[in-house]
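Student: One structure follows; several queries about it will come next.
Residue numbers (my numbering): 18 to 137.
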């Protein structure tokens with residue numbers, strides 16, 4: 018699986034960049050800590066994949082800053098297959114190295130909240 022980063026602007030999204038495919042509105046002051054994810058269509062249940070909008074997934078293999086648990090809110094362009102796009106802010110990409118790029122061999126797994134006896 019491949020991962021990339023994106024920020025909401027026309028050219029990287031459709032003509033309404035602050036609204037995701039599931040109808041959510043991206044917070045104005047979003048960052049990578051918002052933890053929203055766009056996935057390719059082949060990963061969504063609607064097109065035969067294992068995930069739905071709103072599912073929590075764990076992403077591993079990008080970087081210490083970007084690995085973690087994300088919520089699926091968006092869909093990538095239909096030309097993409099077997100990949101994810103991590104929501105970041107444009108200013109993060111300008112300030113921090115490693116926030117813009119393409120990563121391969123990413124692991125994506127369904128995340129389930131630990132039960133109280135597992136958390137301690």
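Glycine included, every Cβ here is placed at the ideal spot set by N, Cα and C. Bear in mind the structure is a predicted one, so any value in this text is a computation, not a measurement.
Does residue 91 come out as helix, strand or coil in the three-state DSSP assignment?
Tutor: Note: residue 91 maps to strand in three-state DSSP.
Student: Among the candidates 27, 56, 48, 34, whose CA atom is the shortest distance from the CA of residue 92?
Tutor: 56
Student: Would you tell me roughly how many angstroms separate the C-alpha atoms of residue 36 and residue 104, rounded to the nearest one?
Tutor: 12 Å
Student: Please return the same chain residues whose Cβ sits closer than 8 Å to the Cβ of residue 19, not counting the five positions on each side in sequence.
Tutor: 99, 100, 101, 119, 120, 121, 123
Student: Using a Cβ-Cβ cutoff of less than 8 Å, which residues in the same chain neighbour residue 67 once the five nearest sequence positions on both sides are dropped?
Tutor: 60, 127
Student: Where does residue 19 sit, in a helix, a strand or coil, going by DSSP?
Tutor: strand
Student: Which whole-angstrom value is the C-beta distance of residue 84 and residue 76, which I expect to be below 8 Å?
Tutor: 6 Å
Student: I need the straight-line Cα distance from residue 88 to residue 24, nearest angstrom please.
Tutor: 16 Å
Student: Hey, could you find the ends of the beta strand (DSSP E) residue 105 is sitting in?
Tutor: Note, residue 105: premise wrong, no beta strand (DSSP E); not H, not E.
Student: So residue 41 packs on residue 97, CB below 8 Å; how close in whole Å?
Tutor: The Cβ separation is near 20 Å, so there is no contact.
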